[in-house]
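Student: In the working numbering, the protein residues as written are 92 to 229.
The C-beta atom is built at its ideal place from N, Cα and C for all residues, glycine as well.
Right, I'll just put the structure down here and ask away after.
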């Protein structure tokens, strides 16, 4: 079965009903047959963004949903952090954020070539070691 990594921007859009991309994410989730892997590192960023945009209630709702979600989670290992630091350093002028660098590193370690994201700039610039480029959906 094909696996996709889920970026913070994708998850944020799923929970933020006031955004234009919310419907696209819902449609994708309804029709997707791929296994979605959620990097645990993204949870903090999404909770922060939801609280900033929608207050404590939005963040708490997200946290409770994640506690019972069937989306498989994936943790970073030491080599992912080392690789994320290398990516951050190599692409310093692009100013990738920490979570994106970690997801890029995870994609290489797990040999995943597709990312669920709306951050096309960063993931489009990145040149992974395990494939020519990352496919970005939806």
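(1) Within 8 Å, do at least three Cβ pairs link the region 211–220 to the region 184–203?
(2) Are the beta-carbon atoms belonging to residue 136 and residue 93 less than 8 Å from one another?
(3) Look at residue 95 and residue 129 and say whether their C-beta atoms are less than 8 Å apart.
(4) Quick check for students: name the residue ranges of the beta strand (DSSP E) that lie wholly in the region 149–192, counting only runs of 3 or more.
(5) Look at residue 228 and residue 197 and say whether their C-beta atoms are less than 8 Å apart.
(6) Residue 135 by DSSP, collapsed to three states: which one?
(7) Assign residue 122 to buried or exposed, taking buried as 16 or more other Cβ atoms, counted over all protein chains shown, within 10 Å of its Cβ.
(8) Just to check my reading of the structure: residue 189 and residue 104 have Cβ atoms closer than 8 Å, yes? What is that Cβ distance to the nearest angstrom?
Tutor: Let me spell this out:
(1) With a cut-off of 8 Å, the region 211–220 and the region 184–203 count as touching, because enough Cβ pairs lie within range.
(2) For residue 136 and residue 93, no; Cβs fall outside 8 Å.
(3) No, the Cβ-Cβ distance between residue 95 and residue 129 is not below 8 Å.
(4) Listed in chain order, they are 163–165.
(5) No.
(6) Note: residue 135 maps to helix in three-state DSSP.
(7) Result: exposed.
(8) In fact, because the Cβ distance is near 20 Å, the residues do not count as touching under 8 Å.
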